[in-house]
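Student:
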Amino acid sequence: FGSTCIVLVAPFLFDVVFGGKYAIGLAVLPCTITFCYWKAIASPIYNYLYCVERTRLMCSALVCGLVANVALNALLLPILGVLGAALGTAAGCAVNLASVLLFSVRLGFRMERGLFWFLFFPLVLVGGPVVAALSFGVLLCLMNKTTWVLTAEERAQLESVLQGFLSRLRPQAAASHDALS
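Residues 835 to 1015, numbered by the numbering used here, are exactly what the sequence shown covers, in order.
1. Within a Cβ cutoff of 6 Å, which residues of the same chain sit near Ile879, ignoring the five residues on either side of it in sequence?
2. Ordered along the chain, which non-local residues of its own chain (more than five positions away) have a Cβ less than 8 Å from that of Pro845?
3. For the stretch 974-981 against the stretch 889-898, do three or more pairs of beta-carbon atoms, one drawn from each stretch, fall closer than 8 Å, so that the two count as touching?
4. Measure the alpha-carbon distance for Phe943 versus Phe852 and round it to whole angstroms.
5. Got a sec: does the ligand NAP put a non-hydrogen atom nearer than 7 Å to the Cβ of Ala990?
6. Closest to Ser969 by CA distance: which of Leu914, Phe952 and Leu984 is it?
7. Taking just the CA atoms, how far does Leu949 sit from Glu987?
8. Just the Cα atoms here: how many angstroms apart are Leu883 and Arg940?
9. Val929 lies in the alpha helix (DSSP H); which residues open and close that run?
10. Looking only at its chain, what residues have a beta carbon closer than 8 Å to the beta carbon of Ala924, apart from the 5 residues adjacent to it on each side?
11. Less than 8 Å between the CB atoms is what I'm expecting for Val983 and Leu973, so what's the real figure, rounded?
12. Compute the Euclidean distance between the alpha carbons of Val965 and Arg1004, then round it to the nearest angstrom.
13. Could you give the distance in angstroms between the alpha-carbon of Gly915 and the alpha-carbon of Gln991?
Right, here's the structure in full:
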């Protein structure tokens, strides 16, 4: 959701607020968001390797990602400039994520099929705001209406968390409305 919102707001932010001064920033934003997104997904999976006491594998995954990042940056930076650096960094992060997932699955980590949807979602951000918004809408529909992304139990958990969050917001909204009256 956050990634999609950033991509939707970015053209206004870069063109209007920044006055078009940072056009290259807008060009590399999808790669940057993808890198951050994949890094965030990898972090809890590192914990799995910690829990099964295989920190060397976690470090190996980090080294794989670092080697890929450095090699791709050396190759792409002279050709594409900052965009090459962003692409190389995102690809290095993908190598890191794939490595940590591979090691974890071999040690018993269960990958639900819904995780694949979330792993590949950042790739649609490159298509721009419209593609990102439509893809996010499709993902929400799939989450709500099918078991392709979330199991029935996961969907019930999510609904419970959302209801708890909304119930905390309602008393605050009512209190602020009473204060204004």
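Beta carbons: idealized from backbone N, C-alpha and C, even for Gly. Treat the numbers as computed from the prediction; the structure is a model and nothing was measured.
Tutor: Let me spell this out:
1. Val934 and Ser938
2. Leu860 and Pro963
3. no
4. 45 Å
5. The model depicted lacks the ligand NAP and carries no ligand whatsoever.
6. Phe952
7. 15 Å
8. 11 Å
9. Val916 to Arg940
10. Cys865, Thr866, Thr868, Phe869 and Trp872
11. 7 Å
12. 33 Å
13. 45 Å
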